[in-house]
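A.B. asks:
2 protein chains.
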Amino acid sequence: MYQLLYDKFIKNISISEEDFEFCKTLFIPKKLRKKQFLLQEGDVAKYTAFVNKGITRTFTIDDKGIEHILQFAVEGWWMGDIYSFLTDEPSLYNMEALEDCELLLINKPSWDQLLEKIPALERYFRILVQNNLIATQRRLMGTMSETAEVKYVKLINNFSDAVQRVPQHMIASYLGITRETLSRIRSQMASRK
Amino acid sequence: MYQLLYDKFIKNISISEEDFEFCKTLFIPKKLRKKQFLLQEGDVAKYTAFVNKGITRTFTIDDKGIEHILQFAVEGWWMGDIYSFLTDEPSLYNMEALEDCELLLINKPSWDQLLEKIPALERYFRILVQNNLIATQRRLMGTMSETAEVKYVKLINNFSDAVQRVPQHMIASYLGITRETLSRIRSQMASRK
DNA sequence: AATTTTGTGTGATGTATGTCAACTTAATTT
DNA sequence: AAATTAAGTTGACATACATCACACAAAATT
Chain A
3 MYQLLYDKFI
13 KNISISEEDF
23 EFCKTLFIPK
33 KLRKKQFLLQ
43 EGDVAKYTAF
53 VNKGITRTFT
63 IDDKGIEHIL
73 QFAVEGWWMG
83 DIYSFLTDEP
93 SLYNMEALED
103 CELLLINKPS
113 WDQLLEKIPA
123 LERYFRILVQ
133 NNLIATQRRL
143 MGTMSETAEV
153 KYVKLINNFS
163 DAVQRVPQHM
173 IASYLGITRE
183 TLSRIRSQMA
193 SRK
Chain B
3 MYQLLYDKFI
13 KNISISEEDF
23 EFCKTLFIPK
33 KLRKKQFLLQ
43 EGDVAKYTAF
53 VNKGITRTFT
63 IDDKGIEHIL
73 QFAVEGWWMG
83 DIYSFLTDEP
93 SLYNMEALED
103 CELLLINKPS
113 WDQLLEKIPA
123 LERYFRILVQ
133 NNLIATQRRL
143 MGTMSETAEV
153 KYVKLINNFS
163 DAVQRVPQHM
173 IASYLGITRE
183 TLSRIRSQMA
193 SRK
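As you go down the protein sequences, you meet chains A and B in turn. All you need for my numbering is the position in the first sequence, starting with 1, plus 2. All you need for my numbering is the position in the second sequence, starting with 1, plus 2.
Below is the structure:
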């Protein structure tokens, strides 16, 4: 249950077995069935979640009712709305399981305790957030400069796992295009050999 | 020279005078004249910079030669390509002064030393990166769901300082639209009262 | 103050992608 | 396995924004 989390930690920092034992006590295992929500827009994000199994999406719904996917999270990834989690403000995001999932949840008090007790995790989370920032910045710049097709091809190359496990209209929604456009792009690509 | 940096630190963490004195020794003051570059695409980002005075932009140039602005940095902000800085890989970004600037530079060895000597800064930088991530995620979602005009209005509201100090075609380039489009949006807005 | 460079505004026209709608196929649920 | 619901495809048409072209204004440089 906690193996994957442990692996992820030690990839970036060193942590004693004892500390990790303590760490375990702070996480709440939680199963989510496909289509269940962990968070809905307007709610405060009580938890930040580590995805141990399954795949989730974080998304917003705009004025026209169109969904926009911020992130997919597969095994070994974190999912959460840091802003809402830290400030107790209502979240702008929805989080939903796209397959049956096993999550490890941590709430704010435990989170604070964790960082206080194991300061090395401060570093772990900085690195995590940093990598996320780097990726998000690239995605943003790509959004501004690339055609829909290029974005799609890059997504396949960087994240084929999620692309294969998730319905196409959600890929479209992640790319910021419509399902129709993605469908057409795919058929063009296929016909071009 | 270091007052602003100090203020920024103590907004988020506590740091002793002694530690800050040490900290000072690691930063290299650097003046940049308007239009000078701190970094060009393809170079390795040797430094991360704190903007003490002036305003800078970080941008990419795409295949068609069009510039896309990732970030403006005004007084009190950080500027840098974390990825290139940490990995020594060549940067995708260009960084340029838009006014005469005073920067405080720090290189990788000093950076490592700094975090080792003053672990509380680990926290400072985590918070910094976190806030940046939150803002970048919002911008990304906005890119996907908002019209050019809405993006522009929000930018004015959130970042009027930069909007006023920077030529309009750069605002357009930050918003991911052409200068012509921004010009038209502005004239429509003006005519609507 | 003359000249060059940089920035802005506006019309005519083009295009990638969106929208609407109908149909097909696949996956869930009963 | 029938019925429902969700997902994907394809065509006709619409639209926000880009592109091109040029005029004009402001700022920087000589």
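Just so it is clear, CB atoms sit at the ideal spot from N, CA and C, and this is done for glycine as well.
Given a cut-off of 8 Å on the beta-carbon distance, is the pair leucine 106 of chain A and phenylalanine 52 of chain A in contact?
C.D. replies: Contact: yes.
A.B. asks: With a threshold of 16 other CB atoms inside 10 Å of the CB of glutamine 190 of chain A, please say whether the residue is buried or exposed.
C.D. replies: By the 16-neighbour rule on beta-carbons within 10 angstroms, glutamine 190 of chain A is exposed.
A.B. asks: Which first and last residues belong to the alpha helix (DSSP H) in which proline 111 of chain B is found?
C.D. replies: 110-119 is the extent of the alpha helix (DSSP H) around proline 111 of chain B.
A.B. asks: Ordered along the chain, which non-local residues of its own chain (more than five positions away) have a Cβ less than 8 Å from that of arginine 125 of chain A?
C.D. replies: Asn14 and Ile15
A.B. asks: What's the gap between the Cα of glutamate 23 of chain B and the Cα of tyrosine 176 of chain B?
C.D. replies: 37 Å
A.B. asks: In whole angstroms, give me the CA-to-CA distance for glycine 67 of chain B and alanine 150 of chain A.
C.D. replies: 19 Å
A.B. asks: Suppose contacts are defined by Cβ-Cβ distances below 8 Å. Is leucine 34 of chain A in contact with alanine 99 of chain A by that definition?
C.D. replies: yes
A.B. asks: Output needed for lysine 26 of chain A: all residues of its chain with C-beta closer than 8 Å, excluding positions within five of it in sequence on either side, in chain order.
C.D. replies: Tyr4
A.B. asks: Is there a Cβ of chain A sitting closer than 8 Å to that of asparagine 14 of chain B, yes or no?
C.D. replies: no
A.B. asks: Tell me, which residues are paired with cysteine 25 of chain B by DSSP?
C.D. replies: None, per the DSSP bridge assignment.
A.B. asks: Are glutamate 43 of chain B and leucine 123 of chain B touching if we call contact CB-CB under 8 Å?
C.D. replies: no
A.B. asks: Any contact between the segment 135-146 of chain B and the segment 77-85 of chain B? By contact I mean 3 or more CB pairs, one from each, below 8 Å.
C.D. replies: Using a Cβ-Cβ distance cut-off of 8 Å, the segment 135-146 of chain B and the segment 77-85 of chain B are not in contact, since fewer than three pairs of beta carbons, one from each stretch, lie closer than that value.
A.B. asks: For isoleucine 30 of chain A, which of A:Ser86, A:Ile108 and A:Lys55 has the nearest alpha-carbon?
C.D. replies: A:Ile108
A.B. asks: Could you tell me which of A:Ser86, A:Gln132 and A:His70 sits nearest to glutamate 148 of chain B, measuring between CA atoms?
C.D. replies: A:His70
A.B. asks: Does the separation of the CB atoms of arginine 181 of chain B and glutamine 166 of chain B fall below 8 Å?
C.D. replies: No, the Cβ-Cβ distance between arginine 181 of chain B and glutamine 166 of chain B is not below 8 Å.
A.B. asks: Can you name the residues of chain A whose CB is closer than 7 Å to the CB of glutamate 124 of chain B?
C.D. replies: Glu124, Arg125 and Arg128
A.B. asks: Sort B:Thr62, B:Ser162, B:Ser193 and B:Leu6 by Cα distance to asparagine 54 of chain B and report the nearest one.
C.D. replies: B:Leu6
A.B. asks: Does any C-beta atom of chain B lie closer than 8 Å to the C-beta of tyrosine 85 of chain A?
C.D. replies: yes
A.B. asks: Just by C-beta distance, which residues in the segment 178-189 of chain A are closer than 8 Å to chain B?
C.D. replies: Taken in chain order, the members of the segment 178-189 of chain A whose beta-carbon sits within less than 8 Å of a beta-carbon on chain B are Gly178.
A.B. asks: Mind pulling the beta strand (DSSP E) runs of 3 or more residues that sit fully within the segment 25-70 of chain A?
C.D. replies: 30-34, 39-41, 49-55 and 57-63
A.B. asks: Would you kindly report the start and end of the unbroken alpha helix (DSSP H) that includes glutamate 182 of chain B?
C.D. replies: Following the DSSP letters along the chain, one finds glutamate 182 of chain B inside the alpha helix (DSSP H) bounded by residues 181-193.
A.B. asks: Find the residues of chain A that neighbour histidine 70 of chain B, judging by a C-beta separation of less than 8 Å, and give them in chain order.
C.D. replies: Those are Met143, Met146 and Ser147, listed as they occur along chain A.
A.B. asks: So for methionine 146 of chain A, helix, strand or coil by DSSP?
C.D. replies: Here methionine 146 of chain A sits in helix by DSSP.
A.B. asks: Any heavy atom of the ligand NAD inside 7 Å of the beta-carbon of lysine 32 of chain A?
C.D. replies: Although the ligand NAD was asked about, the structure shown includes no ligands whatsoever.
A.B. asks: For methionine 97 of chain B, report the span of its beta strand (DSSP E) as first-last.
C.D. replies: Methionine 97 of chain B -> beta strand (DSSP E) spans 96-99.
A.B. asks: Restricting to Cα atoms, I'd like to know which of B:Ser185, B:Asp102 and B:Asp114 is closest to glutamine 38 of chain B.
C.D. replies: B:Asp102
A.B. asks: Would you identify the three-state DSSP class for valine 168 of chain A, choosing helix, strand or coil?
C.D. replies: coil
A.B. asks: At a Cβ cut of 7 Å, what residues of the segment 47-67 of chain B count as close to chain A, listed as they run along the chain?
C.D. replies: Thr62 and Asp64
A.B. asks: Return the CA-CA distance between aspartate 21 of chain A and alanine 164 of chain A, expressed in angstroms with no decimal places.
C.D. replies: 32 Å
A.B. asks: Kindly list the residues whose CB is nearer than 7 Å to the CB of phenylalanine 87 of chain A, restricted to its own chain and excluding five residues on each side of it in sequence; keep chain order.
C.D. replies: Ala47, Thr50 and Lys110
A.B. asks: From B:Leu41, B:Asp9 and B:Lys119, pick the residue whose C-alpha is nearest to that of leucine 28 of chain B; which is it?
C.D. replies: B:Lys119
A.B. asks: Report, in whole angstroms, the separation of the C-beta atoms of threonine 62 of chain A and leucine 72 of chain A, which I expect to be a contact under 8 Å.
C.D. replies: About 7 Å separates the CB atoms of threonine 62 of chain A and leucine 72 of chain A; that is less than 8 Å, so the two are in contact.
A.B. asks: Could you give the distance in angstroms between the alpha-carbon of aspartate 65 of chain A and the alpha-carbon of glutamine 115 of chain A?
C.D. replies: 39 Å
A.B. asks: Let me check one thing: in DSSP terms, what residues is valine 76 of chain B bridge-paired to?
C.D. replies: B:Ile57
A.B. asks: Please list the terminal residues of the continuous alpha helix (DSSP H) segment that includes tyrosine 85 of chain B.
C.D. replies: 84-89
A.B. asks: Under the DSSP definition of a beta bridge, which residues are partnered with leucine 107 of chain B?
C.D. replies: B:Ile30 and B:Ala51
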